[in-house]
Structures are given as structure tokens and as C-alpha cells.
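Per the UniProt record's numbering, residue 1 is the first one in the sequence shown, and the count goes up by one each step.
Following: one structure in C-alpha cells, then a few remarks.
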Amino acid sequence: MKRVRVLERVVGVIVFIGVVCGILALCGVFKKSVTPTFDEDSNNATNATTLRPANCSAIAPGKRLIAYWNSEMSGCESLPAGVTHVVFSSALVASDGTVGTTFQSSDDATNACIAALHKRCMYVFAGIRSSNTTDIINASPAVLVDGVTNLFNKFDFDGIAIHDESDKTSNYTTDGALAYMTALSSALQPLNASLIYDALMFEADPVTCLERKCFPAGMEALVDWVNVYAFDAAKDEADAAVIYSAALSDNGIFSEWATAMRNQTKVALVVTSAGGASWGPDLSNTTIANLTKYAETLGGTGIYTASNDMYTDYPIINLVLNTLDGFVSVHTAPPTQVPAPPKATKAQTVFCHSGISYSVKSGDTAFSIVTSICKKTTKTKCSRDGIWLYRTNSLDLCPSDLATGDKVTVCCGVN
């Protein structure tokens, strides 16, 4: 495997360097330093190994900050210092269960992103999801394992995050989920790679979970941790606020998750960037801060989708970091500044199966276009995780400077 071959080469180089360094040390060339250093000048994957450096600081579970990054977006190197894990999304599972070994950008761009993030001491996971709600749960576990193995042979990921959107309306069963997760766990353990599972907020409640899907007993032993999506609790903002408050109580759903996982550090709570919720209202800053404080006693905080925040200088990531009281500099190097908002590197046709072409008219905005074309009854935000549009010739996402005559492609949902 690529990971093994890289390690073999690294061992040989280390032996040679050790001899040279021993000679130079006698001459006083080197001085001791107990502080890890980071080369901030180069993020080129061809200049260094793409493995996470050995001198990176350890990360306590409650200090995890997990950023979801849409792979069609360039600029991952601009993530703020303090992000510890990145879910690079997504490698898609096809209807026959095979796992794609390319993302929504070129392989060179993927490798460069992994190398840049590793260099800054961030773990990088491959996000695995399907184009519809049935492909993962219906897949043969052996076929899934083959696909993930091929993915690890090609890229230096530190693990995978499974995003299975199936529920009781689309063939989900706890036995089926356990079967493929058991196979994946067995395949990843020899690679020393992590296995993460994305879960809906109420999957751990034995009563409420019956409405959609229930977290399987036994899954807790297979995963490193679960990313619990702590959003989309209700469509109404007032109703959602009540649910989030109750979730944080001593007997709330997050306490149930800690019990289900048999280890509270195996539960991370995922909040959203602006527009990141798929159908519910955005989380308020107060709710995000409260969730972050609670998650610090568990297994950390995730942000879905952090790449949306890039255009506004990462306000939600910075809110989480400020709530964590300045954990910024402990384990990651400073970001590489992106001088201008990066463009998507590839059209999002993998998630936009039937994009609708539209010519902008006078007075149109991204909001009004998606509301009209997608036949929504109320004004609807343009959001990568709900409905969205992009300028067809330049791939600008939800642009604010639309001009009459511009050609855009409208996407009315991820499925």
C-alpha cells in the first residue's frame, strides 16, 4: 500500500539523516528545541511526505475541532489554526456499492490539500457518502472495503467518515449498518486508520429514533467516535431553541449519546456554518457556544460545512475557537492566507443530478432565483447544503454580483 511504501522510504531516510545529524551535532551545528516547528512557506505536496509530522502535539478528545470541507472548493490551506481534523467530502458510493477514488476536484488538488493540512498537524479523513439514500446501506460490505482500500492506496488519509443517509424509508436496518461498519473496522485497523460515523441527533434515543433510524448497539465498539449532527432539530426557530436547550440537560439526548457510546469522549457534536443546515434554521451564536462548551466535556466539536465559511473569514470556526478559550496555537501552524475567494475547481454535478440552466434577468438575486426555479413557497437561502446555484462559466457559488444576462446553473437539492 501507498502508506506502507511511504513509511519504508521514510525509515531509510531517517537512518541516513540520523548519521549525518550525529556528525553535525558534534560540531555544534544543531541546538536542542522542545518546540515543534512548522515550515509555513511551502504547501506543495511534492516537496515533502504527505503524512502528518511526528512532532505534532497530541489532541485531547474534548479539544477536537472537526471541519467538513467540500472537495470542489479550493483553499483548504486557509483553515484557521486550531482546526484539528478535516473531513474531505466526498468519495461517492455508486449504486453497485463501489467507492469512487476521485473527489470533486483533481487528484493533484486533493493530494495538495492533504499535504497542506498534514503539514499543519491536522488529521484528514475521507468523507464517504452516496448520491442517494440507499447506496451505502445496500452495498456489499466486501465491495465497500475494496473501494476504501483503493482510496487508501491512492491518498494518504488518516481515516474515513461514513455519512449514511438511509433511514426506515430507504432500507436502513441496524443489522445492515453493523455489517458494513464491522467490515470497514476490520479493514482499517491494520492501517492504523480511524473510522468515524455521522449520526442524526436523535439516533441514540430509543423512542424518538424509531421515527427515522436508530443507532445500532455494538457500533460503539467499531468506531473511534461518532459525529452527532446537533442541528436541524426543528423547522421553527423557537421550537429548535427549546430542543437544543433540552438536549444539553443532564438527561438530554447528548447524555443518551454518552451512554450509548459507553465513553463520552467518543461523541463529537457537529454545528453548522451559516446556511449549513439542510432544512432547519441556522444555529444562533449562543446555541453554538453552548454546544461547544458541552462538547468539550465529550469528544469535541465539528463544523458542517466549514468550507462555506471561507468567504467570510470563518466566523463559526473562530466562534468555536474563542469558546474553547484560545486552544488555537497548541497543535496547528498558522493558515496560508488566500488572497481572493477561491473558485470551485469542478462543477458540482455529482450532487446536482439535474442542474437547471437559467439566464439572469434584471433584479434577480441568488435568493430569488433558487426560490423561483426550485418552486419554493417562501424566500429560500442559496446554500451549498440545501439548494444553490453557481455561475456557469466561472463556478462562483451563490454569487452576490449577478448581472443581467449571466448564465447560472440551479441545483434544487443534493439528491
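Cβ coordinates follow ideal geometry from the N, Cα and C atoms, glycine included.
On a predicted model such as this, the values are computed, not experimentally measured, just so you know.
| Asked | Found |
| --- | --- |
| Helix, strand or coil for V360, going by three-state DSSP, please let me know. | coil |
| Just how far apart, CA to CA, sit A230 and S359? | 37 angstroms |
| Is C56 close to chain D, meaning its C-beta is less than 8 angstroms from at least one C-beta of that chain? | No chain D appears in this structure, which consists of one protein chain only. |
| Starting from the N-terminal side, write out each stretch of the beta strand (DSSP E) that is 3 residues or longer and does not extend beyond the stretch 169-234. | 194-200, 225-229 |
| Is the number of C-beta pairs between the stretch 114-123 and the stretch 134-143 that are closer than 8 angstroms three or more? | no |
| Less than 8 angstroms between the C-beta atoms of N188 and G159, yes or no? | The sequence given here places Leu at residue 188; Asn does not occur at that position. It is a contact, given that the beta carbons lie within the stated cut-off. |
| Near A258, which residues of its chain fall below 7 angstroms by C-beta distance, leaving aside the five closest residues on each side in sequence? | Q264, V267, L298 |
| By how many angstroms is the C-alpha of G100 removed from the C-alpha of R129? | 10 angstroms |
| Quick one: using the 10 Å Cβ neighbour count with 16 as the cut-off for buried, is K168 buried or exposed? | exposed |
| With a threshold of 16 other CB atoms inside 10 Å of the CB of D198, please say whether the residue is buried or exposed. | buried |
| What would DSSP say about C411, mapped onto helix, strand or coil? | strand |
| Whose CA, out of N393, L397, S400, D401, lies closest to the CA of K407? | N393 |
| T110 to M73, Cα distance in whole Å? | 10 angstroms |
| Can you tell me whether N70 is buried or exposed, with buried defined as 16 or more other CB within 10 angstroms of its CB? | buried |
| Would you report the Cα separation of T404 and S362, rounded to the nearest angstrom? | 5 angstroms |
| Buried or exposed, going by whether 16 or more other CB atoms sit within 10 Å of the CB of W279? | exposed |
| Taking 8 angstroms as the threshold (C-beta atoms), are T134 and S166 in contact? | yes |
| Inspect the beta-carbon positions of V223 and L269 and report whether they are closer than 8 angstroms. | no |
| Just reading off the alpha helix (DSSP H) that T371 is part of, what are its end residues? | 366-373 |
| By DSSP, does S278 sit in helix, in strand, or in coil? | coil |
| Does the distance from the CB of residue 417 to the CB of M201 come in under 8 angstroms? | With the chain covering only 1 through 415, there is no way to say anything about residue 417. |
| Exposed or buried, what is E237 when buried is set at 16 or more other beta-carbons lying within 10 Å of its beta-carbon? | exposed |
| Under a three-way DSSP split, which group does M122 fall into? | coil |
| Give a yes or no on whether the C-beta atoms belonging to L79 and G300 are separated by under 8 angstroms. | no |
| For Y304, which residues from the same chain have a beta carbon less than 8 angstroms from its beta carbon, with the 5 sequence-adjacent residues on both sides left out? | Y68, Y229, F231, V270, V271, T272, S273, G276, D385 |
| Going by DSSP in three states, D406 sits in which element: helix, strand or coil? | coil |
| Between the alpha carbons of T49 and I59, how many angstroms are there, rounded? | Only weak support is given to the placement of T49: the predicted model assigns it a pLDDT of 47, under 50, and the question is left unresolved by the model. |
| From this set, F88, R212, R120, which residue's C-alpha is nearest I162's C-alpha? | F88 |
| Are Y390 and T365 closer than 8 angstroms when you measure CB to CB? | no |
| In chain order, what residues of the same chain have a beta carbon less than 6 angstroms from the beta carbon of A177, not counting five sequence neighbours either side? | P216 |
| Rounded to the nearest angstrom, how far is the Cβ of T292 from that of T323, given a contact under 8 angstroms? | 4 angstroms |
| What is the DSSP secondary structure of I59, counted as helix, strand or coil? | coil |
| In whole angstroms, give me the CA-to-CA distance for S255 and T174. | 21 angstroms |
| How would you label L210, buried or exposed, when you count the other beta carbons within 10 angstroms and need 16 or more for buried? | exposed |
| On the DSSP letters alone, give me the boundaries of the alpha helix (DSSP H) that G100 sits inside. | Unbroken run through G100: none, as it is neither H nor E. |
| How would you write the range of the beta strand (DSSP E) that N70 sits in, first residue to last? | 65-70 |
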